[in-house]
Structure formats: structure tokens, C-alpha cells
Amino acid sequence: RIIFIILIFIFIKNISYAQEMFNFETRSIEIIENGNLINASNGKAVSGDKNIEVIADNFQYSNNSKTLKVNGNAEILIKSDNLRIKFDEGIIDQKKFTFEALGKIEVEDLNQNIKINSKKIVFNNKEKILFSPTNSVIRDNYGNKSIVDNFKYEIKKDLIKVKNLNLIDKDKNSLKLSLAYIDTKKNNLYGKDAFVNLNNKTFNENSEPRLKGSSIVNNDIQTEIKNGIFTTCKKRDDCPPWELSAERIVHDKKKKIIKYENALLKIYDKPIIYFPKFQHPDPTVNKQSGFLAPSIKSSSNKKNFLSLPYYLTISDNRDATFSPRFYDQEEFLLQTEYRHANTKSNHISDFSFKINENKKLKSHLFYGYDKSFDLDNFIDSSLNFK
């Protein structure tokens with residue numbers, strides 16, 4: 054009975070030893086210091102439980118410290134978490150259940166289609182946590198690129214905690230957060246004190262369309278901001294000339310629309326108009342019905358007014374702009390411009406009604422028509438009517 058117990062003890066010890074050891078499949082191998090140190094090169098090392106595979110130019114395994122040092126064109130595959138990591142040099146500590154890598158690092162989470170580039174990472178195989186204290190770049194399957202100061206990826210929870218995030222999405226919108234959480238399973242990003250700079254391609258160079266708010270939930274479908282503000286005015290030290298504030302702002306990335314709930318239009322920080330519901334196209338849209346950016350202007354008679362234009366898409370070749378103006382002396386003007394373009398002709402009409410400070414009504418109607426002809430005896434011929 055005593056011999057049988059001893060045999061079981063030896064058998065269990067051998068199994069444990071086999072799981073801790075690495076098996077080497079290399080071109081050369083050297084065993085020194087009474088078998089406590091193994092030097093190998095050009096090949097692969099596989100852990101005893103076959104969960105970890107490492108490919109590299111050079112290996113050094115210490116049986117005393119249970120560490121494997123690796124360098125040169127190195128790549129590790131952690132099968133239990135479906136992680137593939139390329140690195141310059143690294144060390145696996147079997148006692149601490151950690152893997153640390155340095156140099157040019159590329160991490161690929163094959164389960165969540167996430168790629169991470171960094172200069173230093175630490176992976177805790179027991180806690181399933183991937184950490185980097187250095188500047189890193191995180192890319193997902195939706196075209197988002199996130200630059201962060203550091204990150205902590207809790208794989209069991211499908212959660213990445215990042216600090217000082219600067220995200221650029223596939224539409225060239227940028228999002229900045231001091232602290233953020235990324236749900237890798239739902240592809241949701243959560244954060245507070247958000248700043249979003251929207252793509253400016255359909256605005257003039259002096260416009261800087263942007264959003265900010267107290268909290269944000271962002272994914273590939275939409276961006277939702279609580280207690281938010283939107284403006285296109287150029288950034289300055291003072292308050293912007295105009296802004297839209299709302300309890301809830303949703304940027305629908307599929308429909309390219311920005312929606313507001315309980316919105317308030319402010320001019321130089323003064324409340325002007327309240328909208329229970331409001332929406333307009335986002336700055337990437339070239340042609341879509343919706344409100345355009347409001348503006349403050351001065352007319353030829355030096356009267357200031359607020360313009361709130363609404364753009365209406367009727368068809369591919371027809372559209373209109375409805376532009377009410379609100380003056381500072383109880384005057385208002387309702388103006389509409391209609392445009393109709395054909396292959397060889399163009400129509401444009403402009404009409405308005407204005408009520409001045411004396412409650413008198415004024416109106417106008419402008420019309421223009423241009424048409425080109427194909428006449429045999431002329432190189433070019435056209436009709437212009439106004």
C-alpha cells in the first residue's frame with residue numbers, strides 16, 4: 054500500500070512537471086547546468102498543456118525560475134483565449150502565470166476581431182487580463198482607430214478600460230474622452246465629458262462642426278450624447294455665436310442625421326427658440342432634407358437678423374430652401390428658393406413675404422430660366438430669361 058501511494062505521488066509530480074515544461078521543436082538545442090537551462094534557436098516551443106505555442110529565433114528556458122525568454126521575429130499563440138501576439142522580445146513566467154513583451158508589438162484578438170499595437174504589454178493568463186502602460190493603438194472590425202495612453206483589457210468581461218482616448222471612425226469623425234470603456238462584445242464605447250469633432254467635408258474651412266456632452270455611448274450605428282451641445286462655429290475662447298443644446302443628441306451614422314430632444318437654440322449664449330424635437334443632416338451629407346446651420350447676418354440696410362434655413366430634397370434634379378429670417382426689431386421674412394435642373398435647361402425662382410416693424414407686408418418674386426439649343430448653323434446657342 055505504501056509503495057502504491059509513492060507511485061501515485063511520482064505519477065502526479067511527473068504530470069505537473071510535463072505541464073510546466075516546454076517542448077522544443079527547433080533546429081538547434083543546448084542543455085546545460087545539469088538540465089536546468091535550455092538554449093534553443095529557430096523553431097517553436099510548445100507548453101506542456103499545449104495551450105501556448107511560441108515561434109521565435111531564440112529561446113532560453115530556465116527550469117529553476119520556470120521562465121522562457123524569447124526574442125527575434127517572435128509570435129505567441131494563446132489558444133484558450135484565441136490571442137495571437139507578434140513581438141520583438143518577451144518572457145513567459147510560469148510561476149506568475151504572466152507573459153510580458155517589449156518592442157514592436159501587434160496583438161490580435163481573433164474572437165473579437167480587434168488588433169492592438171503597442172510597445173509594451175503584460176498578459177496575466179490566470180486572471181485573463183491584457184495590460185499596457187504605454188501609448189497604444191486599438192483597431193476594431195468597424196474601421197475605428199483608437200489612440201490611448203494606456204489600456205486594461207479584461208477578456209473574461211469583454212471590457213477594455215482606456216485612458217485619454219482619441220478615436221477616429223471610418224467617416225473621419227473624431228472622439229476624445231479622458232476615460233472610456235469599450236464593450237468588445239457589443240462594440241459599445243462608454244465615457245464621460247465627451248468631445249466629438251465631425252467630418253467637415255461639406256462645410257467651408259472656417260466651420261468646425263462638433264458635439265460635446267456629459268456622457269456618451271458610441272458604436273458603429275449611432276452616437277448618443279446626454280446633456281449635449283452642437284455647433285459649427287469656429288473654435289474660440291468665448292461662447293460660440295450660436296449653438297444647439299439638448300437633453301439628448303443622437304447622431305445616426307446610417308441615416309446621417311443628428312436628432313435632438315428638448316433642444317434650445319442659443320445666440321451668444323442667449324436662449325432664442327425651443328424645439329421639443331429637432332433634426333438635421335450631419336456634416337458629411339451633400340444633399341438631404343433637413344435644417345441647415347443657422348447664421349447671424351446683417352442686411353444691406355444694416356439690420357441684423359437670424360436665419361434658420363431648411364433644405365428640402367424633392368427629387369434628384371429638384372430642391373428648395375426655405376429660409377425664415379428673424380430681425381431684431383420685430384420684423385420677419387419668409388423666403389423660399391426653388392431650383393429645377395434638367396440636361397439642357399435650368400429653372401430658379403425666389404419669392405418671399407416680409408412683415409416690417411410697421412406691420413406692413415412686402416413681397417418679391419424672382420425667376421430665371423436658362424436653356425441651351427442644338428442648332429446646325431451655330432456652334433453654340435442658348436436662351437436666358439429673367
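In this text, residue positions in the sequence shown follow my numbering: the first is 54, and each later residue adds one. Virtual Cβ for every residue (Gly too), placed ideally from N, Cα, C.
{"Check": "K415 to S351, Cα distance in whole Å?", "Outcome": "19 Å"}
{"Check": "In three-state terms, what does DSSP make of I138?", "Outcome": "strand"}
{"Check": "Check this for me: beta carbons of D273 and N197, under 9 Å apart or not?", "Outcome": "yes"}
{"Check": "Taking a contact to mean a Cβ-Cβ separation below 9 Å, would you say T285 touches E261 in this structure?", "Outcome": "yes"}
{"Check": "Have a look at F344 and Q332 and give me their C-alpha separation to the nearest angstrom.", "Outcome": "7 Å"}
{"Check": "Between which two residues does the beta strand (DSSP E) containing Q388 stretch?", "Outcome": "385–394"}
{"Check": "Are three or more beta carbon pairs between the segment 185–202 and the segment 215–222 nearer than 8 Å?", "Outcome": "yes"}
{"Check": "With a CB to CB cut of under 6 Å and the five nearest residues on each side skipped, what residues in its chain are close to P324?", "Outcome": "L317"}
{"Check": "Put K209 into one of helix, strand or coil per three-state DSSP.", "Outcome": "helix"}
{"Check": "Can you tell me whether I68 is buried or exposed? The criterion is at least 16 other CB atoms within 10 Å of its CB, across all chains shown.", "Outcome": "Only weak support is given to the placement of I68: the predicted model assigns it a pLDDT of 34, under 50, and the value that follows is read from those uncertain coordinates. Exposed: under 16 other Cβ atoms inside 10 Å."}
{"Check": "Helix, strand or coil: which one does DSSP assign to A127?", "Outcome": "strand"}
{"Check": "Can you tell me the Cα-Cα spacing of K312 and K330, whole angstroms?", "Outcome": "8 Å"}
{"Check": "Alpha carbon to alpha carbon, how far is L230 from W295?", "Outcome": "24 Å"}
{"Check": "With a threshold of 8 Å on Cβ separation, who are the neighbours of T366 within its own chain once the five nearest residues in sequence on each side are excluded?", "Outcome": "K340, Q341, S342, D372"}
{"Check": "Out of F419, D423, E410, state which residue places its alpha-carbon closest to the alpha-carbon of A394.", "Outcome": "D423"}
{"Check": "May I have the straight-line CA-CA distance separating Q72 from S100, to the nearest angstrom?", "Outcome": "With a pLDDT of 43 at Q72, under the threshold of 50, the predicted position of this residue should be treated as unreliable, though the coordinate-derived value follows. Those two C-alpha atoms are separated by around 7 Å."}
{"Check": "Quick check: the Cα distance between I302 and F176, rounded to an integer number of angstroms?", "Outcome": "38 Å"}
{"Check": "What three-state label does DSSP hand N357 in the structure shown?", "Outcome": "strand"}
{"Check": "What separation, rounded to the nearest whole angstrom, lies between the Cα atoms of I432 and T396?", "Outcome": "18 Å"}
{"Check": "Which two residues bound the contiguous beta strand (DSSP E) that contains E277?", "Outcome": "275–284"}
{"Check": "In chain order, what residues of the same chain lie with their CB nearer than 8 Å to the CB of L428, ignoring the 5 residues before and after it?", "Outcome": "S434"}
{"Check": "If you run the structure through DSSP and keep just helix, strand and coil, what is L163?", "Outcome": "coil"}
{"Check": "I'd like the list of long-range same chain contacts for D236, defined as Cβ closer than 7 Å, with 5 residues on each side in sequence excluded.", "Outcome": "D211, L212"}
{"Check": "What are the start and end residues of each continuous beta strand (DSSP E) run of 3 or more residues lying completely inside the segment 218–275, in chain order?", "Outcome": "227–236, 241–250, 263–271"}
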